[in-house]
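Participant: Residue numbers (the numbering used here): 8 to 114.
We treat Cβ as the ideally placed atom computed from N, Cα and C, and that holds for glycine.
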Amino acid sequence: MENLLQILIEQQKKNIKLTKKQNNLIAKLVSMKIPVDKEMLKKMLMDNMDLKELFKSGNTKFFQMKKLFKTYELNSTDFYLADEVLETIKKHRMATKDNSQTNNDGP
Numbered sequence: 008m009e010n011l012l013q014i015l016i017e018q019q020k021k022n023i024k025l026t027k028k029q030n031n032l033i034a035k036l037v038s039m040k041i042p043v044d045k046e047m048l049k050k051m052l053m054d055n056m057d058l059k060e061l062f063k064s065g066n067t068k069f070f071q072m073k074k075l076f077k078t079y080e081l082n083s084t085d086f087y088l089a090d091e092v093l094e095t096i097k098k099h100r101m102a103t104k105d106n107s108q109t110n111n112d113g114p
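(1) Within 10 angstroms of its Cβ, does M53 collect 16 or more other Cβ (buried), or is it exposed?
(2) For a minimum of 4 consecutive residues, which ranges assigned as the alpha helix (DSSP H) are wholly contained in the segment 67-104?
(3) Go ahead and pull the three-state DSSP assignment for D57.
(4) Does the separation of the CB atoms of L88 and M56 fall below 9 Å?
(5) Would you tell me roughly how many angstroms separate the C-alpha atoms of K45 and L61, rounded to the nearest one?
(6) Rounded to a whole number of angstroms, what is the C-alpha to C-alpha distance between K49 and K73?
(7) Under the DSSP definition of a beta bridge, which residues are partnered with L52?
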């Protein structure tokens with residue numbers, strides 16, 4: 008029994024050591040700054056025209072959908088971050104999928 012406890016203690020020490028190394032590597036990775044150039048910024052930013060083109064919608068339909076997205080206004084121009092647009096689309100898809108499954112389970 009004592010041998011088993013000693014083995015478990017050694018394993019726990021190794022686990023703690025590995026966890027510390029992992030945390031240090033994660034901290035280094037997070038602290039690395041990713042350079043953003045002009046072209047990358049253009050790809051990340053979208054305006055109303057980009058969203059209309061993306062969703063193939065006219066003004067009326069677009070302004071109904073627009074309130075779903077987080078908007079950044081600069082000089083009376085609305086901008087959107089591509090990552091946030093994608094996340095909003097994913098959230099909406101998940102909600103629709105959940106609703107259709109709930110409706111199909113009923114009598």
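Facilitator: In short, the structure shows the following:
(1) The residue is buried, with at least 16 neighbouring Cβ atoms inside 10 Å.
(2) none
(3) helix
(4) no
(5) 21 Å
(6) 20 Å
(7) DSSP lists L88 as partners of L52.
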